[in-house]
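One structure below.
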Amino acid sequence: MSAETHVLLVSLLNQTTWYLMNNSIYQDTKELSQMAISISEAKLGMNNSTTALSLSNLACLYYSQGKYNKVELLYKWALTIHKKMLGSKYSDTAITLV
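Per our numbering, the sequence shown starts with residue 13, numbered consecutively.
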């Protein structure tokens, strides 16, 4: 698969994860989110905004489930990537702070 195809696949996994979280459907959501992270890291690299978004989604999932001990590390990791790739003033960086 091309890099573009991997980006589309990860995007679809992230959108599916977000949809399921927003509808309080948690079965298999963690696995989808982790799959998005794994593919993104392996094919796009660790320092990639798509990888950061995938990490943020997993953090959101853990937050919505009350698993707060797992949230901070993931958000900090995503924020570090966003700052490195996009800078401090980019909207995705700001969203990670929220």
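By construction, the Cβ of each residue, glycine as well, lies at the ideal position given by its N, Cα and C atoms.
This structure is a prediction, so every number in the text was calculated from the model and none was measured.
Buried versus exposed, by CB contacts within 10 Å (16 or more), residue i
i	result
N34	exposed
Y38	exposed
L26	Note on identity: in this sequence residue 26 is Asn, with Leu being the wrong assignment. Result: buried.
N81	exposed
L24	exposed
First through last residue of the alpha helix (DSSP H) which encompasses residue i
i	result
I51	41 to 56
S76	61 to 76
N35	Where N35 is concerned, there is no enclosing alpha helix (DSSP H), given that its DSSP letter is neither H nor E.
M97	80 to 98
Residue nearest to residue i in terms of C-alpha spacing, selected from the options
i	options	result
V19	S66, C72, K42	S66
L70	L85, I93, E16	L85
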